[in-house]
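Colleague: Could you have a look at this structure, given as structure tokens, before my questions?
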Amino acid sequence: MTHIRVKDSIRRLHEDYVKRGEEDGKLIRLDRNENAFGHSKNVERALRHTSGALSSYPELYADSLLHKLADIHRISEQNIVAGNGSFELITAISQSYLNPEDEVIIPTPTFDWYKTASLLAHGHIIEVPVENHRISPDKILQAVTAKTKIIWLCNPNNPTGTVLSESELHRFLEKLSPEILLVLDEAYIDFIRETEPVNSIHIVRTHPNVILLRTFSKVYGLASLRIGYAIGNAAVIEGIRNFKTPVSVNYLAIKAAVASLDDEAFRRSVVRQTAKQLDYLYKEFNQLGLSYIRSNTNFLTVCVGRDSDYVVNELKKRKILVRGGKDFGYPEWLRITVGKEEENQLVVTYLKGILS
Ligand SMILES: Cc1ncc(COP(=O)(O)O)c(C=O)c1O
Numbered sequence: 000m001t002h003i004r005v006k007d008s009i010r011r012l013h014e015d016y017v018k019r020g021e022e023d024g025k026l027i028r029l030d031r032n033e034n035a036f037g038h039s040k041n042v043e044r045a046l047r048h049t050s051g052a053l054s055s056y057p058e059l060y061a062d063s064l065l066h067k068l069a070d071i072h073r074i075s076e077q078n079i080v081a082g083n084g085s086f087e088l089i090t091a092i093s094q095s096y097l098n099p100e101d102e103v104i105i106p107t108p109t110f111d112w113y114k115t116a117s118l119l120a121h122g123h124i125i126e127v128p129v130e131n132h133r134i135s136p137d138k139i140l141q142a143v144t145a146k147t148k149i150i151w152l153c154n155p156n157n158p159t160g161t162v163l164s165e166s167e168l169h170r171f172l173e174k175l176s177p178e179i180l181l182v183l184d185e186a187y188i189d190f191i192r193e194t195e196p197v198n199s200i201h202i203v204r205t206h207p208n209v210i211l212l213r214t215f216s217k218v219y220g221l222a223s224l225r226i227g228y229a230i231g232n233a234a235v236i237e238g239i240r241n242f243k244t245p246v247s248v249n250y251l252a253i254k255a256a257v258a259s260l261d262d263e264a265f266r267r268s269v270v271r272q273t274a275k276q277l278d279y280l281y282k283e284f285n286q287l288g289l290s291y292i293r294s295n296t297n298f299l300t301v302c303v304g305r306d307s308d309y310v311v312n313e314l315k316k317r318k319i320l321v322r323g324g325k326d327f328g329y330p331e332w333l334r335i336t337v338g339k340e341e342e343n344q345l346v347v348t349y350l351k352g353i354l355s
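Numbering (numbering that gives the first Met the number 0), first residue to last: 0 to 355.
Below you can see the structure in the form of structure tokens.
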């Protein structure tokens, strides 16, 4: 028994996350956009020999990873900060850059941690609904005021799977004040199929008010190790580093991330297999007469034409977890992570039964 109570605002904000984390490990989890195809064999090799390193603190700033990333992206290490996944970096950006009552523009629906992190930093949230499932750069610009401090853009967007092209981003930035921070969360960038690849590194080089977020949780399949990074102007990145928890990126995560970057064949194979499975789902959903949003991610958002809670529960009885759209304002939709071939076949078979 204790009289010490956590602040109400913190308790409420976290309830939803706790609820979602409670599920049984034996279920097929197609609700968290994890990588169904595992991770690179390089990672296992790299983690086999820890040679006493676990009793030491890891590199202060994940230096060996920064070194490798700087080389790959042809930028300076000062332009990169590694974090304990994008979750940590999103929180750090909000805490480093938001003053109380600063306005934050968030398209909706999108990844919900932007809102939580901004609220924790006492930002004032302005939500801008997507149009025809796509983030509308014009609508966002219309929402900008003298108080706007951060715009969060998830590109490709979770949960709609849509993407803004590089030229759309350039046009948007031409009209955006350089005093407003634009955070481009590119968790799913490797899976873009509906536009040309987006060269966002070029965007960062030419726009000091842009931050990119990348994670090793998706295409590299390292979600459990918690590692991601942000790229931006050196002074902006320094601001994030100042808030971030010291040494929040552990030794195994750094090793695994570096090893993943050395295995381009694995990355490509994940992209290829994901595309193949998406095509399978498109074909089956077409036959079932279900509409869906063409995806640039490793998940597919599909309209089941009835209460999504019902369908989620029916699938759960059959040991498959998917994300119901009610949480994000799409009450008749499901967001289904692309699984292995046999998992996707099961989803299709069960949906046929449930929806008939
Ligand atoms: C758009 C987006 N950003 C960030 C994350 C979380 O990334 P990380 O695992 O690096 O914290 C997710 C997780 O699903 C996501 O969908």
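Glycine included, C-beta positions come from ideal geometry on N, C-alpha and C.
All of these numbers come straight from a predicted model, not from anything done at the bench.
When the Cα atoms are used, what is the spatial distance from Tyr187 to Thr273?
Modeller: Going from the Cα of Tyr187 to the Cα of Thr273 covers about 12 Å.
Colleague: Here's the rule: buried if 16 or more other CB atoms are within 10 angstroms of the residue's CB, otherwise exposed. What is Lys254?
Modeller: With 16 or more Cβ atoms within 10 Å of its Cβ, Lys254 is classed as buried.
Colleague: For Trp151, list the residues DSSP reports as bridge partners.
Modeller: Val182.
Colleague: Would you mind sorting Thr147 into buried or exposed? The rule is 16 or more other CB atoms within 10 Å of its CB.
Modeller: Thr147 comes out buried.
Colleague: Give the secondary structure of Glu33 by DSSP, where H, G and I count as helix, E and B as strand, and everything else as coil.
Modeller: DSSP places Glu33 in coil when its eight states are reduced to three.
Colleague: How many angstroms separate the CA atom of Ser290 from the CA atom of Leu350?
Modeller: Cα to Cα, the separation comes out at about 14 Å.
Colleague: Would you decide whether Gln286 is buried or exposed? Buried here means 16 or more other CB atoms lie within 10 Å of its CB.
Modeller: Counting Cβ neighbours within 10 Å, Gln286 comes out exposed, since fewer than 16 surround it.
Colleague: Could you tell me the alpha carbon to alpha carbon distance between Glu313 and Phe36, rounded to whole angstroms?
Modeller: If I take the Cα positions, the gap works out to 25 Å.
Colleague: Ligand 1 heavy atoms versus the CB of Ser199: any closer than 7 Å?
Modeller: No, since every heavy atom of ligand 1 falls outside the 7 Å radius drawn around the Cβ of Ser199.
Colleague: Which word fits Ala145, buried or exposed, when buried means at least 16 other C-beta atoms lie within 10 angstroms of its C-beta?
Modeller: Exposed.
Colleague: Can you list, in chain order, the residues of its chain with a C-beta nearer than 8 Å to that of Ala233? Leave out the 5 residues immediately preceding and following it.
Modeller: Closer than 8 Å at the Cβ level, and outside the excluded window around Ala233, lie Ser75, Gln77 and Asn78.
Colleague: Just mark Ser223 as buried or exposed, buried being the case when its beta carbon has 16 or more other beta carbons within 10 Å.
Modeller: Per the 10 Å Cβ criterion, exposed.
Colleague: Can you tell which of Ser294, Leu251, Glu263 and Leu345 has the C-alpha that lies nearest to the C-alpha of Glu43?
Modeller: The option with the nearest alpha carbon to Glu43 is Leu251.
Colleague: Skipping 5 residues on each side, what residues in its chain have a beta carbon closer than 7 Å to that of Pro57?
Modeller: Excluding residues within five positions, the ones whose Cβ falls inside 7 Å are Val246, Val248, Asn249, Tyr250 and Ile253.
Colleague: For Val311, report the span of its alpha helix (DSSP H) as first-last.
Modeller: Val311 -> alpha helix (DSSP H) spans Ser307 to Lys316.
Colleague: Report yes or no: do three or more beta-carbon pairs, one from the segment 265-272 and one from the segment 107-125, lie closer than 8 Å?
Modeller: Verdict: no, contact absent.
Colleague: DSSP three-state call for Thr205: helix, strand or coil?
Modeller: Note: Thr205 maps to helix in three-state DSSP.
Colleague: CB-CB under 8 Å to Asn198, same chain, minus the five flanking residues each way: which ones, in chain order?
Modeller: Within the same chain, Asn198 has close Cβ partners Glu165.
Colleague: Please determine, among Ala45, Ile335 and Thr348, the residue with the shortest C-alpha to C-alpha distance to Asn32.
Modeller: Comparing Cα positions, the closest option is Ile335.
Colleague: For Tyr281 and Ala142, I'd like the C-alpha separation in whole angstroms.
Modeller: Whole-angstrom Cα-Cα distance: 35 Å.
Colleague: For ligand 1, I want to know if Thr214 counts as a neighbour, meaning its beta carbon is within less than 7 Å of at least one of the ligand's heavy atoms.
Modeller: Yes, ligand 1 has a heavy atom inside 7 Å of this Cβ.
Colleague: Quick one: is the Cβ of Asn208 within less than 7 Å of any heavy atom of ligand 1?
Modeller: Not so, every heavy atom of ligand 1 lies at least 7 Å from the Cβ.
Colleague: I need the straight-line Cα distance from Val303 to Leu333, nearest angstrom please.
Modeller: So the alpha carbons of these two residues sit roughly 7 Å apart.
Colleague: When you compare only the Cα positions, how much space is there between Lys174 and Glu167?
Modeller: Going from the Cα of Lys174 to the Cα of Glu167 covers about 11 Å.
Colleague: Are the segment 177-186 and the segment 212-228 in contact at 8 Å, needing three or more beta carbon pairs?
Modeller: A contact exists between the segment 177-186 and the segment 212-228.
Colleague: Is any heavy atom of ligand 1 found at a distance shorter than 7 Å from the C-beta of Asp184?
Modeller: Flag set: Cβ of Asp184 near ligand 1.
Colleague: So, helix, strand or coil for Thr296, using DSSP?
Modeller: Looking at Thr296 - three-state DSSP - the assignment turns out to be coil, as it is neither helix nor strand.
Colleague: Would you kindly work out how many angstroms separate the C-alpha atoms of Arg372 and Glu178, rounded to a whole number?
Modeller: This structure leaves residue 372 out entirely; the chain is present only between 0 and 355.
Colleague: Quick check on Asn98: buried or exposed, where buried means 16 or more other Cβ atoms within 10 Å of its Cβ?
Modeller: Exposed.
Colleague: Say yes only if the C-beta of Asn249 is nearer than 7 Å to one or more non-hydrogen atoms of ligand 1, and no if none qualify.
Modeller: False, no ligand heavy atom lies under 7 Å from that Cβ.
Colleague: Does the structure place the segment 335-345 close enough to the segment 38-54 that three or more beta carbon pairs sit under 8 Å?
Modeller: These segments do not touch.
Colleague: Can you tell me the Cα-Cα spacing of Leu46 and Tyr228, whole angstroms?
Modeller: In a straight line, the C-alpha of Leu46 is about 20 Å away from that of Tyr228.
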